[in-house]
């Protein structure tokens, strides 16, 4: 605080004012404090999972119940669900960055579309030519948010994938 002219904020934001000549000293002090306080556990993102779903539970009846919990945001995040032991079909890489695929689960009829933004590279073989796990019917778990999609006057439920885990 001895380097700052003003500072303040709250849980989700911070603001500060300092003179230009103090920026290098502030940067050094900031790095020093962060290095002394950060632990390895802080370096890995944690996803808070609200519940486990079977694919047949992904329907408008359930989605309408979820919508009653809105509005979502700080203090009331969108529910995140784990869906276990699934495999992918109809895989498409979008704009070389994103994935769109359907998932299947034994004993379940529902096959929702999943969107994995920024996940195309994670899903490819090391040679970056094929989407290996998705084409091989390899089993995996995923965590996702359920969203409603409107396209050409039709609505459907989709899963926005947050992470994928292999056994």
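In this note's numbering, the protein residues as written are 49 to 215.
A virtual CB, placed ideally from N, CA and C, is assigned to each residue, including glycine.
A quick note: this is a predicted structure, and the numbers were derived from the prediction, not measured.
- prompt: Is residue 192 helix, strand or coil when you go by DSSP?
  reply: Strand at residue 192.
- prompt: Thinking just about the alpha-carbon of each residue, which of 51, 213, 155 and 129 is nearest to the one in residue 98?
  reply: Comparing alpha-carbon positions, the option among 51, 213, 155 and 129 lying closest to residue 98 turns out to be 129.
Through-space distance from residue 93 to residue 86, alpha-carbon basis: Rounded to the nearest angstrom, the two C-alpha atoms are 13 Å apart.
query: How would you label residue 164, buried or exposed, when you count the other beta carbons within 10 angstroms and need 16 or more for buried?
result: Label assigned to residue 164: buried.
task: Look at residue 148 and residue 161 and say whether their C-beta atoms are less than 8 Å apart.
output: Result yes, Cβ atoms of residue 148 and residue 161 sit closer than 8 Å.
- prompt: When DSSP labels each residue in this structure, what does residue 84 get in the three-state scheme?
  reply: Residue state, collapsed to three classes: helix.
message: Can you give me the C-alpha to C-alpha distance between residue 194 and residue 187, rounded to a whole angstrom?
response: Near 20 Å, if we compare the C-alpha coordinates of residue 187 and residue 194.
message: Using only the alpha-carbon positions, how far apart do residue 103 and residue 110 sit?
response: Annotation: residue 103 to residue 110 spans about 12 Å, alpha carbon to alpha carbon.
- prompt: Excluding sequence positions up to five away, which residues of its chain have a Cβ less than 7 Å from the Cβ of residue 185?
  reply: Close CB contacts of residue 185 within its chain, under the 7 Å cut and outside five residues either way in sequence, are with 135 (chain order).
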